[in-house]
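Taken in order, these protein sequences are the chains called A and B.
Quick note: the first sequence, position 341, residue 341 per the working numbering, numbers continuous.
Quick note: the second sequence, position 181, residue 738 per the working numbering, numbers continuous.
We put the CB at the ideal spot given by N, CA and C, even for glycine.
The structure presented is a predicted model; accordingly, all values stated were derived computationally and were not measured.
Data first, discussion second: the structure below is written as structure tokens.
2 protein chains.
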Amino acid sequence: MNLLKVDMAEGRTRVEPLPDDKVLGGRAIIDWYMTEHTSPGVHPLAGGNPFIVAAGLLAGTTAPSSGRLSVGGKSPLTGGIKEANVGGAFGHKLGRLGFLGIVVEGKASQWQVMRLDSRGSTLEPAGDILGLDNYDACEKLRGRYGQEIAVIITGPAGERRYANSTVAGTDVGGRPCRHAARGGVGAIMGAKRLKAIVIDDAGTSFRKAVDGPAFRAAVKGALDAMKNAPYGQKLVTHSTASFVDVDNNRGSLQTNNYRLGKFDKVGGINADRFIELNKDRGGSMGHGCMPGCVVRCSNIFHDAKGRYVTAGLEFETLALLGSNLGIGDLDAVARMDRKCDGIGIDTVDTGCAIGILNDVGLFQFGDAARAEALIEEIAKDTLMGRVLGNGADVTAKVFGIDRVPTVKGQAIAAHAARSSKGWAVTYATSPQGADHTAGPVGAGDHLSPVGQVAISRISQIVNTALDATGLCHFTFSYKYPEIIAPLINAFYGLSLTYEDLLEMGKEMLRQERAFNLKAGIGPGADRVPEWMRTEPLAPTGGVFDVPQEEIDGFFNF
Amino acid sequence: MNLLKVDMAEGRTRVEPLPDDKVLGGRAIIDWYMTEHTSPGVHPLAGGNPFIVAAGLLAGTTAPSSGRLSVGGKSPLTGGIKEANVGGAFGHKLGRLGFLGIVVEGKASQWQVMRLDSRGSTLEPAGDILGLDNYDACEKLRGRYGQEIAVIITGPAGERRYANSTVAGTDVGGRPCRHAARGGVGAIMGAKRLKAIVIDDAGTSFRKAVDGPAFRAAVKGALDAMKNAPYGQKLVTHSTASFVDVDNNRGSLQTNNYRLGKFDKVGGINADRFIELNKDRGGSMGHGCMPGCVVRCSNIFHDAKGRYVTAGLEFETLALLGSNLGIGDLDAVARMDRKCDGIGIDTVDTGCAIGILNDVGLFQFGDAARAEALIEEIAKDTLMGRVLGNGADVTAKVFGIDRVPTVKGQAIAAHAARSSKGWAVTYATSPQGADHTAGPVGAGDHLSPVGQVAISRISQIVNTALDATGLCHFTFSYKYPEIIAPLINAFYGLSLTYEDLLEMGKEMLRQERAFNLKAGIGPGADRVPEWMRTEPLAPTGGVFDVPQEEIDGFFNF
Chain A
1 MNLLKVDMAE GRTRVEPLPD DKVLGGRAII DWYMTEHTSP GVHPLAGGNP
51 FIVAAGLLAG TTAPSSGRLS VGGKSPLTGG IKEANVGGAF GHKLGRLGFL
101 GIVVEGKASQ WQVMRLDSRG STLEPAGDIL GLDNYDACEK LRGRYGQEIA
151 VIITGPAGER RYANSTVAGT DVGGRPCRHA ARGGVGAIMG AKRLKAIVID
201 DAGTSFRKAV DGPAFRAAVK GALDAMKNAP YGQKLVTHST ASFVDVDNNR
251 GSLQTNNYRL GKFDKVGGIN ADRFIELNKD RGGSMGHGCM PGCVVRCSNI
301 FHDAKGRYVT AGLEFETLAL LGSNLGIGDL DAVARMDRKC DGIGIDTVDT
351 GCAIGILNDV GLFQFGDAAR AEALIEEIAK DTLMGRVLGN GADVTAKVFG
401 IDRVPTVKGQ AIAAHAARSS KGWAVTYATS PQGADHTAGP VGAGDHLSPV
451 GQVAISRISQ IVNTALDATG LCHFTFSYKY PEIIAPLINA FYGLSLTYED
501 LLEMGKEMLR QERAFNLKAG IGPGADRVPE WMRTEPLAPT GGVFDVPQEE
551 IDGFFNF
Chain B
558 MNLLKVDMAE GRTRVEPLPD DKVLGGRAII DWYMTEHTSP GVHPLAGGNP
608 FIVAAGLLAG TTAPSSGRLS VGGKSPLTGG IKEANVGGAF GHKLGRLGFL
658 GIVVEGKASQ WQVMRLDSRG STLEPAGDIL GLDNYDACEK LRGRYGQEIA
708 VIITGPAGER RYANSTVAGT DVGGRPCRHA ARGGVGAIMG AKRLKAIVID
758 DAGTSFRKAV DGPAFRAAVK GALDAMKNAP YGQKLVTHST ASFVDVDNNR
808 GSLQTNNYRL GKFDKVGGIN ADRFIELNKD RGGSMGHGCM PGCVVRCSNI
858 FHDAKGRYVT AGLEFETLAL LGSNLGIGDL DAVARMDRKC DGIGIDTVDT
908 GCAIGILNDV GLFQFGDAAR AEALIEEIAK DTLMGRVLGN GADVTAKVFG
958 IDRVPTVKGQ AIAAHAARSS KGWAVTYATS PQGADHTAGP VGAGDHLSPV
1008 GQVAISRISQ IVNTALDATG LCHFTFSYKY PEIIAPLINA FYGLSLTYED
1058 LLEMGKEMLR QERAFNLKAG IGPGADRVPE WMRTEPLAPT GGVFDVPQEE
1108 IDGFFNF
């Protein structure tokens, strides 16, 4: 498979084969390229920081839910390596075109759109899509390039190089509702003056496996396993919104600026409410974000008049823009989500940034109008918007706030660290900063400090390897040995064992950590904020009490 | 000697002896306390981050120029350990009262002033000095506590917890013109709600040496050496402003946002201009900042009507608020310096922050009115002022600027790295961030990359040890073995060798680096911004070309 190298300063693209001595896909391509070809000291917004887009090993194949896209570079938010993972249609099409990666370097003098199809790639002036809401920009791009394209795009926030900018990707319906949201990857793209990449796979076919019959058998095995997975059906009927109740019942739902683990208005934002509103309005559950998705964990939300508001209104958003702001109103949260998607900013860091303003009297919990107005400031590029658009850490600095729920400069996600202690270990140790995709911890006694480092470690190793395959995390990563290895082996003619795949995950984590170390982020950054060790979280009363010495041994593998 | 421990939350002070198994003064007290008693993960603005004030080993003695004060804690600007060094009258008086250190922890509910005299210490409501310009606040404090007091105070900037806030100290004339300026130590003080410490040494005497005759001889030896030092007299007649021409001639004077090393309007801000204006206006050179100062490197500046404007208008300020902003007007620079002193913000990071705004069209070089207006925004606490008041690094983030002249979050000082490469090694490696006091490099071929690591290393080691003594850096640190050891030995009855003193400096640097590592700042942060390696600096054409591998070996001692 190939890598597309793009030099924005020269306006040239070049096709290179990926190294054939390595098994490289998705996040592993980012890790490899950053390790071998990028100076760790590069400024995240400099031309020398590559903007990397990489599809997984199984992209463009008939493997189910295999089109996840990794988007990365050196993060403007964390200052370390970044892989932001996103669904949508782009990854699958990229694979079908014979590419697993695109690496963009240098800065163009004028904004460009890159077009990629079976005839090759071109850079063209971005024209009248600059500054537009992502939805409007994608509609114009479809008008320009055809209805069948998939798009990844940096929004107005990324054009302005906000450190909390996303790269939006269109879903199967062409909506830019999927976001490589974390770490500010939209600003890396924007700094290159690359507004969008438009991809059209017309005339291509599914990629062919080396061992066709074995691959078909492996696909069938994967489908069976995924259909029978423990909470698979619940995801289809209730979407990721189902986790709102799970976490609330556990006392680990971020509420009121990370001050509570249980939300008294949870019934206003949970899956039941979503389903209830859908009935009369025409929204839906069971929405798949990628071609070939069997997980179908996403959703579409309509307003009271039955008009589309947003899609992909996921758990993390419901928590950070909902309960974390004390807002128990699904309509308001949906509007905010849609606004964030249009600007191209991460809902997690945005919700965190608005929440901490409560500490300095600039936001009151439950004030949805104020929250929407603050997001509107980001849209309008006011100075307040610039501050918020750079995420929670910069907001905390500007306002002198010392209770800051971030790790390595990135906001802690929706599972409250003090009542979900395995998650907290993931937040503390991931080279990606406090990231909800780095290593979920769904099992065990969430309130006990015992064993959490071990469970986070295996989760991070498995999920990191999974990010190289393009498979959705909801393919139930703990089934990895039974599902994943046979797919890769049959497709590529390999004979990887479970141990080999674990080793792949370990090696990727080692590369990421080594990059961060060279970039100036020391091992001492592997910790949750200190106040989480002393301030009890109601209602569980939990404080974070996994010994730091044990956390410091996380990377002993 | 004693340590005064202050618990702001409880409103209690307690006197403790300093450990008697260590030779601890000044910066060494900060290093010791942070190493032994402070969690490296503490938030810089949290109650658990100690605000430390420490006088040197020779404070309160008859040793010349020995009253320098170290002010520190975990820096809000760098996230690492910080010692900001300042002259003025406080250090000497602290020594005479029997203390070498004050450690302040916890947060008061109401703003306090601490009063310290021969009867003890008390905390009293800060009252009507809150929010005032430092000059006005100090005048009120003198009205309240007597004309003979010395004061250290956090200004309006520190009250608001700006990461670029200073702790101002009064000079021998009671003016708050001396600043522990770097690293945001004013915000550490402000976060405790400790507005000022007022000290009165009435009724005390010079501290007594263990070996009086030997100490008197050592003092005489020091005085003789300092009087005969190579550029000692020039400092008296031309003040630190004399370095403006030195650096300009070398092509290493920061000019126009670090884009040039030579300033075409240098004649408007150099020492000759200063002296010329002084003639008719009544300003002066040869001003000593501390009791017993024989260096007398400072100055006083008056306006065209003969009215006092500012004192301590030093080289770094002339460069960062003058040439670096393209402003060749000493009157304008003096007004800006006075304004920064009144607010309590560092002129170096402020000049850097204003300069980088040129990259996004928000500041034009030479526009003194605009620069003054931006500083006024900081005074008025507008949102723009909050951004600028948090220093160059936050300003760069908010405005998406990628050419950022900072190391470890702190602005590079007045000696241009690309034409003064030894200085650049100091900026890169010092655990204090890019600091002009960490290890000056005055000798050698400034344009050659060869040997700069070695010369910065010995300079940092020597100057770090010097910061434990309370002696001014202009006591010509390379005379260290002849001057310093005899003073310490005679005073304390010790028999330290030159090697012992070097080992003290090394151990302090090791402690600082270890703290930073635990705080999350890895060795990879020891580098200058990458653009300095590729963008030549006119007129020398120098790029920074000391090999990074050699810099990475800096701490191999």
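In three-state DSSP terms, what is residue i?
i: Y1035(B); result: Only weak support exists for where Y1035(B) lies, its pLDDT of 49 falling under 50; the value from the coordinates is given anyway. In this structure, Y1035(B) counts as helix in the three-state DSSP scheme.
i: M1(A); result: coil
i: M8(A); result: coil
i: S722(B); result: strand
i: N353(A); result: What sits at residue 353(A) in the sequence shown is Ala, not Asn. Reduced to three states, the DSSP call for A353(A) is helix.
i: G769(B); result: helix
i: I1018(B); result: helix
i: T35(A); result: helix
i: L1023(B); result: helix
i: N249(A); result: helix
Tell me, to the nearest whole angstrom, how far the beta carbon of residue i is from that of residue j; I am working on the premise that it is less than 8 Å.
i: D757(B); j: I706(B); result: 5 Å
i: G493(A); j: D211(A); result: 6 Å
i: E598(B); j: R144(A); result: In the sequence as displayed, the identity of residue 598(B) is Gly instead of Glu. Not a contact, Cβ separation roughly 51 Å.
i: A981(B); j: F1114(B); result: A981(B) to F1114(B), Cβ: 19 Å. No contact.
i: K506(A); j: I551(A); result: Not a contact, Cβ separation roughly 17 Å.
i: A490(A); j: A137(A); result: Their Cβ separation, rounded to whole angstroms, is 40 Å, which puts A490(A) and A137(A) out of contact at 8 Å.
i: K408(A); j: A525(A); result: 5 Å
Please tell me whether residue i and residue j are closer than 8 Å, where the distance is taken between their beta carbons.
i: G120(A); j: N2(A); result: no
i: T1026(B); j: L615(B); result: yes
i: T437(A); j: N85(A); result: yes
i: Y590(B); j: P607(B); result: yes
i: K192(A); j: L130(A); result: no
i: A413(A); j: A443(A); result: no
i: A396(A); j: I356(A); result: yes
i: G644(B); j: G613(B); result: no
i: F243(A); j: G60(A); result: no
i: V724(B); j: M1061(B); result: no
i: G221(A); j: P539(A); result: no
i: S419(A); j: L509(A); result: no
i: D247(A); j: A271(A); result: no
When we look at the beta-carbon of residue i and count the other beta-carbons within 10 Å, is it buried (16 or more) or exposed?
i: S855(B); result: buried
i: T1054(B); result: exposed
i: V309(A); result: buried
i: D171(A); result: buried
i: A876(B); result: buried
i: R571(B); result: exposed
i: V450(A); result: exposed
i: H473(A); result: buried
i: R853(B); result: buried
Once you ignore the five residues that flank residue i on each side, which residues in its own chain have a CB closer than 6 Å to its CB?
i: G101(A); result: L3, I29 and A54
i: G663(B); result: D564, M565, A566 and G604
i: V998(B); result: G979, W980, I1012, S1013 and S1016
i: G726(B); result: V643, G645, F647, I709 and R735
i: F772(B); result: A766, A1047 and F1048
i: E934(B); result: M941 and G942
i: G747(B); result: T711, G715, E716 and R718
Less than 7 Å between C-beta atoms, sequence neighbours within five positions excluded: which residues of the same chain meet that for residue i?
i: E512(A); result: D31, I81 and P431
If the cut is a Cβ gap below 9 Å, which residues of chain C does residue i touch?
i: M941(B); result: Annotation note: the requested chain C is absent from the structure, which comprises protein chains A and B.
Among residues of its own chain, excluding the 5 on either side of residue i, which ones have a beta-carbon nearer than 8 Å to its beta-carbon?
i: K1075(B); result: P597 and G598
i: V348(A); result: A181, R182, E316, T317, L320, A411, A413, A414 and H436
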